[in-house]
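Colleague: Just so we're aligned, residue 1 is where the sequence shown starts under the numbering used here, counting upward by one. One structure, as structure tokens, below. Some questions next.
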Amino acid sequence: MAERKPIESWLTDMDGVLMHEGVPVPGADAFIKRLRESGKPFLVLTNNSIYTPRDLHARLNRIGLEVPWESIWTSALATAQFLDDQRPGGTAYVIGEAGLTTALHDIGYVLTDHSPDYVVLGETRTYSFEALTKAIRLINDGARFIATNPDETGPSPQGALPATGSVAALITKATGVEPYFVGKPNPLMMRHGLNVIGAHSETSAMIGDRMDTDVLAGLEAGMETFLVLTGLTRPDEIERHPFRPSRVVDSIADLIDLV
Numbered sequence: 001m002a003e004r005k006p007i008e009s010w011l012t013d014m015d016g017v018l019m020h021e022g023v024p025v026p027g028a029d030a031f032i033k034r035l036r037e038s039g040k041p042f043l044v045l046t047n048n049s050i051y052t053p054r055d056l057h058a059r060l061n062r063i064g065l066e067v068p069w070e071s072i073w074t075s076a077l078a079t080a081q082f083l084d085d086q087r088p089g090g091t092a093y094v095i096g097e098a099g100l101t102t103a104l105h106d107i108g109y110v111l112t113d114h115s116p117d118y119v120v121l122g123e124t125r126t127y128s129f130e131a132l133t134k135a136i137r138l139i140n141d142g143a144r145f146i147a148t149n150p151d152e153t154g155p156s157p158q159g160a161l162p163a164t165g166s167v168a169a170l171i172t173k174a175t176g177v178e179p180y181f182v183g184k185p186n187p188l189m190m191r192h193g194l195n196v197i198g199a200h201s202e203t204s205a206m207i208g209d210r211m212d213t214d215v216l217a218g219l220e221a222g223m224e225t226f227l228v229l230t231g232l233t234r235p236d237e238i239e240r241h242p243f244r245p246s247r248v249v250d251s252i253a254d255l256i257d258l259v
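Following this line, the structure appears as structure tokens:
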């Protein structure tokens, strides 16, 4: 097997890698500091489409992680990029929060419930029966179905919350139409992210805490992959998958010297 080229750019997941339940993972601040001092391009990725990059910058800053908003890439931004490539200046009926609606406004999309080109489903804490019914009827009338990510649940202090993937399954059951998921593990999100920072997969690495999204997306995008054990995937679960990360480490602190 040919040796990989040195890592010149980094992509990292946010939840479970840099922070866990609102608390920074030990070593995350030092890793981000080393990245910024190195001058190497990097992106912090999240499948969560609720927040804008500026929102996430402020949230990370409050816990001591200095990540420029320009270095944050969300599934909402990736979805907007995909739609802009597919159908510039289109229309969409959106179920989601400011992170998604702002991204679509920024590419010139019109948000409407009148014969939209797309129904776009994202994360929200207030899924309404009325909005879901409207989405189902629009899809039945011919709107194309897009979802920001396939995550079935999201975390909260009280326990799991239904997320985009679960709600998408409800809509699919009612319409018979499967959505196109833009976020991880779709390598499209990674490739768009690499383009944003002018990086190439051969010299890039992806850090994540989930085998089924982060590692898979990085692998399929052609990047070196690092699995950290500070998030969802437990050590005994790694061998259950038919693919492996390039390397497994305890936490992001173990990767500081690689930057």
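Just so you know, even glycine gets a beta-carbon here, dropped at the ideal spot from N, CA and C. Owing to the predicted nature of the structure, the values given are computational and were not obtained by experimental measurement.
Helix, strand or coil: how does DSSP classify residue 136 here?
Modeller: For the purposes of this step, residue 136 is taken as the residue at position 136 of the sequence shown. Residue 136 falls in the helix class under three-state DSSP.
Colleague: So, using beta-carbon positions, are residue 131 and residue 72 closer together than 7 Å?
Modeller: Position 131 of the sequence shown, counted from the start, is the residue given in the question as residue 131. Position 72 of the sequence shown, counted from the start, is the residue given in the question as residue 72. Not closer than 7 Å, so no.
Colleague: Counting pairs of beta carbons, one from the segment 195-214 and one from the segment 83-99, are three or more of them closer than 8 Å?
Modeller: no
Colleague: Using 8 Å for Cβ pairs, my map puts residue 109 next to residue 83. What's the rounded Cβ distance?
Modeller: Counting from 1 along the sequence shown, the entry for residue 109 is found at position 109. Counting from 1 along the sequence shown, the entry for residue 83 is found at position 83. 7 Å between Cβ atoms; contact.
Colleague: Spatial neighbours of residue 229 within its chain, please: CB distance less than 8 Å, with the 5 preceding and 5 following residues excluded, ordered by chain position.
Modeller: On the sequence shown, position 229 is the one that residue 229 refers to. Excluding positions up to five away in sequence, the list reads 209, 235, 248, 249, 250 and 251.
Colleague: Distance check for residue 78 and residue 192, CA to CA, integer angstroms please.
Modeller: Mapped onto the sequence shown, residue 192 falls at position 192. Mapped onto the sequence shown, residue 78 falls at position 78. Spanning the two alpha carbons is a distance of roughly 7 Å.
Colleague: Count the other CB atoms within 10 Å of the CB of residue 185; is the residue buried (16 or more) or exposed (fewer)?
Modeller: Taking the first residue of the sequence shown as position 1, residue 185 is located at position 185. Under this definition residue 185 is a buried residue.
Colleague: Quick check on this structure: which residue in 58, 115 and 143 has the alpha carbon closest to the alpha carbon of residue 176?
Modeller: Taking the first residue of the sequence shown as 1, we reach residue 176 at position 176. Looking at the Cα atoms, 143 is the closest of the given residues.
Colleague: How about residue 8 and residue 203: do their beta carbons lie closer than 7 Å?
Modeller: Taking the sequence shown and counting its residues from 1, one reaches residue 8 at position 8. Taking the sequence shown and counting its residues from 1, one reaches residue 203 at position 203. Yes, the pair counts as a contact, with Cβ atoms nearer than the cut-off.
Colleague: Counting Cβ pairs, one atom from each stretch, are 3 or more of them under 8 Å apart for the segment 143-153 and the segment 165-181?
Modeller: Contact holds between the segment 143-153 and the segment 165-181, because three or more Cβ pairs, one in each stretch, are under 8 Å apart.
Colleague: With a threshold of 16 other CB atoms inside 10 Å of the CB of residue 135, please say whether the residue is buried or exposed.
Modeller: Within the sequence shown, the letter at position 135 stands for residue 135. Burial call: buried.
Colleague: Name the residue from 219, 65, 206 and 103 whose alpha carbon lies nearest to the alpha carbon of residue 76.
Modeller: Taking the first residue of the sequence shown as position 1, residue 76 is located at position 76. Ranking 219, 65, 206 and 103 by Cα distance to residue 76 puts 103 first.
Colleague: Contact defined as beta carbons within less than 8 Å: I believe residue 205 pairs with residue 226. What is the distance between those atoms, to the nearest angstrom?
Modeller: As a working note, residue 205 is residue 205 in the sequence shown. As a working note, residue 226 is residue 226 in the sequence shown. About 6 Å; that satisfies the 8 Å criterion.
Colleague: Please report the Cβ distance between residue 53 and residue 74, rounded to the nearest whole angstrom; I am assuming they are in contact, meaning their Cβ atoms lie under 8 Å.
Modeller: Residue 53 sits at position 53 when you count from the first residue of the sequence shown. Residue 74 sits at position 74 when you count from the first residue of the sequence shown. About 7 Å separates the two Cβ atoms, so the contact holds.
Colleague: Which class does residue 247 belong to by DSSP, given the choice of helix, strand or coil?
Modeller: Within the sequence shown, the letter at position 247 stands for residue 247. Residue 247: strand per DSSP, three-state reduction.
Colleague: Taking the straight line between their C-alpha atoms, what separation do you get for residue 6 and residue 59?
Modeller: The count along the sequence shown starts at 1 and reaches residue 6 at position 6. The count along the sequence shown starts at 1 and reaches residue 59 at position 59. Cα to Cα, residue 6 sits roughly 32 Å from residue 59.
Colleague: For residue 256, which of helix, strand or coil comes out of DSSP?
Modeller: Within the sequence shown, the letter at position 256 stands for residue 256. Three-state result, residue 256: helix.
Colleague: Spell out the partners DSSP gives residue 20 in its beta bridges.
Modeller: Walking along the sequence shown from the start, residue 20 turns up at place 20. Listed as beta-bridge partners of residue 20 by DSSP are 23.
Colleague: Which two residues bound the contiguous alpha helix (DSSP H) that contains residue 196?
Modeller: Along the sequence shown, one-based indexing puts residue 196 at 196. Looking at the DSSP string, the run of the alpha helix (DSSP H) that includes residue 196 is 187-196.
Colleague: Please determine, among 140, 20 and 200, the residue with the shortest C-alpha to C-alpha distance to residue 179.
Modeller: Translated into positions along the sequence shown, residue 179 becomes position 179. Out of 140, 20 and 200, 140 has the C-alpha closest to the C-alpha of residue 179.
Colleague: Which residue's Cα is closest to the Cα of residue 219: 120, 232, 246 and 239?
Modeller: Translated into positions along the sequence shown, residue 219 becomes position 219. For residue 219, the nearest C-alpha among the options comes from 246.
Colleague: Whole angstroms are fine: how far does the CA of residue 70 sit from the CA of residue 62?
Modeller: The residue labelled residue 62 in the question sits at position 62 within the sequence shown. The residue labelled residue 70 in the question sits at position 70 within the sequence shown. Residue 62 and residue 70: Cα-Cα distance of roughly 17 Å.
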